[in-house]
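Chains as they are written, first to last, in this note's numbering: chain A, 86 to 484; chain B, 86 to 484. Report on one structure; see the data block that follows.
2 protein chains.
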Amino acid sequence: MNDNDPTTTRSRELPPLSRFLAESTWAARRGDRDIMDFMLASPQEMPLPGVTAALKYWSDPLTKDWFGYKGSEEPARELSARTLHERTGVPFKPDDIAMTNGAFGALALAFRLIGQPGAEVIVNTPAWSFYEPLLLAAGLTPVKAPVDATTLDIDVAGVLAAVGAATRAVIINSPNNPTGRIYTTATLRRLANAIGEAARCNGRPIYIVSDEVFARLTFDGARPSSPAEVYANTLVVYSWGKQLMAPGQRIGYLALHPEMPDLEALRDALFAAQLAGGFNVPSALMQHALPDLDPLTIDLEHLQRKRDRLVSTLGSIGYDVRSPEGAVYLLPRAPIADDMTFAGLLADRDLFVLPGSLFDYPGHFRLSLTASDDMIERSLPHFEAALRETGADQAAIAS
Amino acid sequence: MNDNDPTTTRSRELPPLSRFLAESTWAARRGDRDIMDFMLASPQEMPLPGVTAALKYWSDPLTKDWFGYKGSEEPARELSARTLHERTGVPFKPDDIAMTNGAFGALALAFRLIGQPGAEVIVNTPAWSFYEPLLLAAGLTPVKAPVDATTLDIDVAGVLAAVGAATRAVIINSPNNPTGRIYTTATLRRLANAIGEAARCNGRPIYIVSDEVFARLTFDGARPSSPAEVYANTLVVYSWGKQLMAPGQRIGYLALHPEMPDLEALRDALFAAQLAGGFNVPSALMQHALPDLDPLTIDLEHLQRKRDRLVSTLGSIGYDVRSPEGAVYLLPRAPIADDMTFAGLLADRDLFVLPGSLFDYPGHFRLSLTASDDMIERSLPHFEAALRETGADQAAIAS
Numbered sequence: 086m087n088d089n090d091p092t093t094t095r096s097r098e099l100p101p102l103s104r105f106l107a108e109s110t111w112a113a114r115r116g117d118r119d120i121m122d123f124m125l126a127s128p129q130e131m132p133l134p135g136v137t138a139a140l141k142y143w144s145d146p147l148t149k150d151w152f153g154y155k156g157s158e159e160p161a162r163e164l165s166a167r168t169l170h171e172r173t174g175v176p177f178k179p180d181d182i183a184m185t186n187g188a189f190g191a192l193a194l195a196f197r198l199i200g201q202p203g204a205e206v207i208v209n210t211p212a213w214s215f216y217e218p219l220l221l222a223a224g225l226t227p228v229k230a231p232v233d234a235t236t237l238d239i240d241v242a243g244v245l246a247a248v249g250a251a252t253r254a255v256i257i258n259s260p261n262n263p264t265g266r267i268y269t270t271a272t273l274r275r276l277a278n279a280i281g282e283a284a285r286c287n288g289r290p291i292y293i294v295s296d297e298v299f300a301r302l303t304f305d306g307a308r309p310s311s312p313a314e315v316y317a318n319t320l321v322v323y324s325w326g327k328q329l330m331a332p333g334q335r336i337g338y339l340a341l342h343p344e345m346p347d348l349e350a351l352r353d354a355l356f357a358a359q360l361a362g363g364f365n366v367p368s369a370l371m372q373h374a375l376p377d378l379d380p381l382t383i384d385l386e387h388l389q390r391k392r393d394r395l396v397s398t399l400g401s402i403g404y405d406v407r408s409p410e411g412a413v414y415l416l417p418r419a420p421i422a423d424d425m426t427f428a429g430l431l432a433d434r435d436l437f438v439l440p441g442s443l444f445d446y447p448g449h450f451r452l453s454l455t456a457s458d459d460m461i462e463r464s465l466p467h468f469e470a471a472l473r474e475t476g477a478d479q480a481a482i483a484s
Numbered sequence: 086m087n088d089n090d091p092t093t094t095r096s097r098e099l100p101p102l103s104r105f106l107a108e109s110t111w112a113a114r115r116g117d118r119d120i121m122d123f124m125l126a127s128p129q130e131m132p133l134p135g136v137t138a139a140l141k142y143w144s145d146p147l148t149k150d151w152f153g154y155k156g157s158e159e160p161a162r163e164l165s166a167r168t169l170h171e172r173t174g175v176p177f178k179p180d181d182i183a184m185t186n187g188a189f190g191a192l193a194l195a196f197r198l199i200g201q202p203g204a205e206v207i208v209n210t211p212a213w214s215f216y217e218p219l220l221l222a223a224g225l226t227p228v229k230a231p232v233d234a235t236t237l238d239i240d241v242a243g244v245l246a247a248v249g250a251a252t253r254a255v256i257i258n259s260p261n262n263p264t265g266r267i268y269t270t271a272t273l274r275r276l277a278n279a280i281g282e283a284a285r286c287n288g289r290p291i292y293i294v295s296d297e298v299f300a301r302l303t304f305d306g307a308r309p310s311s312p313a314e315v316y317a318n319t320l321v322v323y324s325w326g327k328q329l330m331a332p333g334q335r336i337g338y339l340a341l342h343p344e345m346p347d348l349e350a351l352r353d354a355l356f357a358a359q360l361a362g363g364f365n366v367p368s369a370l371m372q373h374a375l376p377d378l379d380p381l382t383i384d385l386e387h388l389q390r391k392r393d394r395l396v397s398t399l400g401s402i403g404y405d406v407r408s409p410e411g412a413v414y415l416l417p418r419a420p421i422a423d424d425m426t427f428a429g430l431l432a433d434r435d436l437f438v439l440p441g442s443l444f445d446y447p448g449h450f451r452l453s454l455t456a457s458d459d460m461i462e463r464s465l466p467h468f469e470a471a472l473r474e475t476g477a478d479q480a481a482i483a484s
């Protein structure tokens with residue numbers, strides 16, 4: 086550490102994704118109706134009317150402290166415990182739930198809670214780009230374990246190989262961003278058995294931090310399993326940001342498994358950690374409104390139609406793309422190995438995608454299905470032309 | 086560090102204030118209309134109608150990304166820079182302002198930005214109870230410098246004596262919680278000169294983190310100076326929570342002084358630090374509504390009448406209490422040395438105050454002026470009876 090370094094910001098640099106976004110022409114064009122924006126899971130359609138209605142309704146104060154200091158309010162905790170119980174079959178308790186500033190807040194809280202400086206946390210890659218900066222900010226070291234290259238399923242042997250004496254947790258994200266995979270109960274059980282055994286050898290727990298923000302965003306009626314169903318040392322992260330497609334009105338939670346051996350100590354530490362982390366608690370209004378917000382979800386049938394349209398058309402054009410089971414992304418193979426260059430080719434056509442190199446998956450690119458129908462239709466000829474531009478369509482024909 | 090410690094929560098314990106609140110009978114009685122609640126600066130009257138009106142009005146989306154991902158939005162930054170410029174005369178720039186999850190968020194961001202693990206930050210005591218856990222969470226060590234016992238003014242020589250090679254910042258809070266003092270420009274200039282000189286000796290900056298959440302809550306029309314007026318290495322913390330008496334609808338900011346030598350490096354680190362801290366950004370709705378919220382303030386004339394009623398009546402009863410210049414608290418001397426016991430005596434009468442021992446000011450207790458007129462009137466006979474109970478009134482007469 087250089088004490089004379091005036092900035093001390095080196096470890097606080099923007100992660101590669103943020104830097105890419107800031108430097109891309111997308112930054113200036115964002116919101117322009119002429120572009121085709123597949124970059125992030127940002128709303129490209131007007132908000133759900135129910136969100137506005139709920140915000141207005143619950144803005145009318147019923148008590149003096151309506152907008153007063155809020156912790157994790159009892160009704161919001163009860164709703165969270167009940168819906169999580171219904172979804173997983175695990176009887177989560179309201180007292181073991183912290184309402185947070187969305188999933189970022191829940192993850193920051195989880196890492197603060199279970200982390201010790203120097204401890205390691207295993208991340209299955211490709212992965213959401215912000216696990217790494219959140220872990221680093223908590224003083225933890227991310228250790229990457231690639232998923233199976235063919236199935237995109239968790240590579241249990243690979244995870245186990247990454248476990249060491251310093252391993253404190255494994256992050257599981259199902260439905261997965263960016264792969265769209267939903268892990269089966271059998272896979273989760275194999276993982277749970279493996280890391281449970283490793284934890285016994287280590288003589289200390291290895292937690293699963295289960296990021297379930299896409300739990301309700303699945304295709305073909307799929308119902309994802311939660312690691313909580315097979316592993317007691319699980320902390321569940323949820324956020325309504327994706328379900329409502331309103332990530333700027335942040336509300337989420339961190340839930341501690343009711344059979345977790347260290348439940349009481351972790352529960353007792355929740356609120357202090359939320360305060361010390363910068364009052365990591367959702368707004369009073371979002372907590373009040375939660376009963377009206379929770380039943381709302383973006384139109385899944387529409388999302389599925391967008392998935393199907395893109396998967397079938399990109400496939401017929403010549404792209405190698407699999408159909409995701411959940412979450413809101415496609416992850417086609419780039420027609421040339423250099424996905425940064427290919428993303429640049431598309432950007433020149435006002436078509437914005439995320440190169441896979443930014444999340445440990447080079448040679449691929451990610452499309453967000455939150456793009457509008459109009460953007461999708463306008464994009465198809467450009468995807469075809471860009472493929473021709475690379476010459477990869479000829480190679481495909483020749484092979 | 087005991088690697089087998091299952092909780093790792095020792096450094097994340099509730100600060101003494103939170104523990105006191107949780108263990109006090111107040112926890113169960115909070116919100117009960119029969120109690121006299123002087124405990125926290127929590128709303129004891131219905132919210133300002135303008136807050137509700139603004140939330141409703143701005144809940145109507147005008148764009149597709151109305152509730153989409155928000156950083157520090159340009160209009161909110163511009164308003165913050167403009168109002169801070171107007172108040173201090175220092176031309177703060179929108180780009181140098183991060184919109185945060187209230188003052189907790191702004192402080193957490195400031196400490197993350199300027200801190201290096203092991204560095205020290207000087208806190209003038211008595212002080213707000215949460216500087217310490219926020220500093221500890223950021224890996225920083227709080228160093229206490231008591232204010233002048235007679236004037237409650239900053240003890241510049243004491244601050245200077247507390248400065249060492251590891252000193253990274255001094256926290257200034259004016260108007261002060263809990264003392265109610267507003268530091269003069271002359272005092273701030275003396276402090277600035279002293280720590281500026283110390284920083285030159287150290288060969289690295291010492292920042293002032295200026296917590297100005299009470300800047301607009303003053304009595305007799307007082308206009309507090311900001312350290313930013315006399316010291317370039319100042320980071321200003323503001324929150325609308327107190328001004329609007331709506332601390333559950335969190336919005337605030339951290340502003341970097343435009344003449345700060347390391348401005349660019351710190352500015353570039355703001356957003357990454359906000360994300361890595363758990364998406365420490367106010368809700369979309371609060372940022373949209375800010376132009377309508379900023380002109381609102383709780384009724385200062387009413388607050389002043391409450392101050393005057395309590396100061397004069399407590400004084401005539403026999404309490405030693407000075408009249409605060411700003412913020413929303415009284416800080417009388419407890420009639421017996423043991424302020425915890427005295428707070429217990431009052432709590433037995435359903436009259437809840439905060440003992441000074443919780444914020445390094447034993448022998449005193451804090452009253453929040455956010456209590457309602459009705460609570461205040463009902464409390465007066467109890468304050469008198471509790472004083473008689475201690476026998477301190479007889480001692481006062483005898484002396």
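Don't be surprised by glycine CBs; every beta carbon is placed ideally from N, CA and C.
CB contact check: residue i to chain B, cutoff 7 Å
| i | result |
| --- | --- |
| A193 (chain A) | yes |
| A437 (chain A) | Before going further, note that residue 437 (chain A) is Phe rather than Ala in the sequence given. F437 (chain A) does not count as touching chain B. |
| G333 (chain A) | yes |
| S408 (chain A) | no |
| S368 (chain A) | yes |
| S127 (chain A) | yes |
First through last residue of the beta strand (DSSP E) which encompasses residue i
| i | result |
| --- | --- |
| A183 (chain B) | I182 to T185 |
| T210 (chain A) | E205 to T210 |
| I421 (chain A) | No beta strand (DSSP E) holds I421 (chain A); DSSP gives it neither H nor E. |
| G229 (chain A) | According to the sequence as given, residue 229 (chain A) is Lys; it is not Gly. Where K229 (chain A) is concerned, the enclosing beta strand (DSSP E) stretches over T226 to P231. |
| V294 (chain B) | Y292 to D296 |
| V175 (chain A) | Element bounds for V175 (chain A): n/a, residue is neither H nor E. |
| T252 (chain A) | T252 to N258 |
| L302 (chain A) | Note, L302 (chain A): premise wrong, no beta strand (DSSP E); not H, not E. |
| F123 (chain B) | Neither: F123 (chain B) is in no beta strand (DSSP E) and is coded neither H nor E. |
| L273 (chain A) | Per DSSP, L273 (chain A) belongs to no beta strand (DSSP E); it is in the alpha helix (DSSP H), T270 to N287. |
| F450 (chain B) | F450 to S453 |
Residue i at chain A interface by Cβ criterion, 7 Å
| i | result |
| --- | --- |
| S96 (chain B) | Reliability fails at S96 (chain B), whose pLDDT of 44 lies under 50, so the model's placement of it is uncertain and the value that follows must be treated cautiously. Closer than 7 Å: no. |
| A412 (chain B) | no |
| P218 (chain B) | yes |
| A222 (chain B) | yes |
N- and C-terminal bounds of the alpha helix (DSSP H) containing residue i
| i | result |
| --- | --- |
| F51 (chain A) | Because chain A in this structure spans residues 86 to 484, residue 51 (chain A) falls outside the shown range and cannot be described. |
| L245 (chain B) | V241 to A247 |
| R392 (chain A) | L385 to I402 |
Supposed close pair residue i, residue j - CB separation, criterion 8 Å
| i | j | result |
| --- | --- | --- |
| S486 (chain B) | S144 (chain A) | Absent from the model: residue 486 (chain B). The displayed extent of chain B is 86 to 484, so no value can be given. |
| L431 (chain B) | A456 (chain B) | In fact, because the Cβ distance is near 13 Å, the residues do not count as touching under 8 Å. |
| S295 (chain B) | L320 (chain B) | 7 Å |
Against chain A, which members of the segment 129–146 of chain B pass a CB distance test of less than 8 Å? Q129, E130, M131, P132, V136, T137, L140, K141, S144, D145 and P146
#### Entry: Ordered list of alpha helix (DSSP H) runs contained in the segment 319–374 of chain B, each at least 4 residues
348–361
- Item | Within 8 Å of chain A by C-beta, residues of the segment 147–172 of chain B in sequence order | T148, K149, D150, W151, F152, G153, Y154 and K155
With 8 Å as the C-beta to C-beta threshold (strictly closer), list the residues of the segment 354–365 of chain B near chain A in chain order. A354, F356, A357, A358, L360, A361, G362, G363, F364 and N365
* **Short-range partners of chain B found in the segment 181–192 of chain A, where Cβ spacing is below 9 Å** => T185, N186, G187, A188, F189, G190, A191 and L192
**Item:** Proximal residues, the segment 439–451 of chain B versus chain A, C-beta separation under 8 Å
**Value:** none
Along the segment 202–216 of chain A, where does the CB come closer than 9 Å to a CB of chain B? Name the residues.
P202, G203, A204 and F215
What are the residues in the segment 105–116 of chain A lying within 7 Å of chain B by C-beta distance?
G116
query: What residues in the segment 280–307 of chain A have a beta carbon less than 8 Å from any beta carbon of chain B?
result: G288, R289 and P290
Using a Cβ-Cβ cutoff of 7 Å, what residues of the segment 456–479 of chain A are near chain B? List them in chain order.
none
Worksheet item: In chain order, which continuous runs of the alpha helix (DSSP H) of length 4 or greater are located wholly inside the segment 127–161 of chain A?
Response: 134–143
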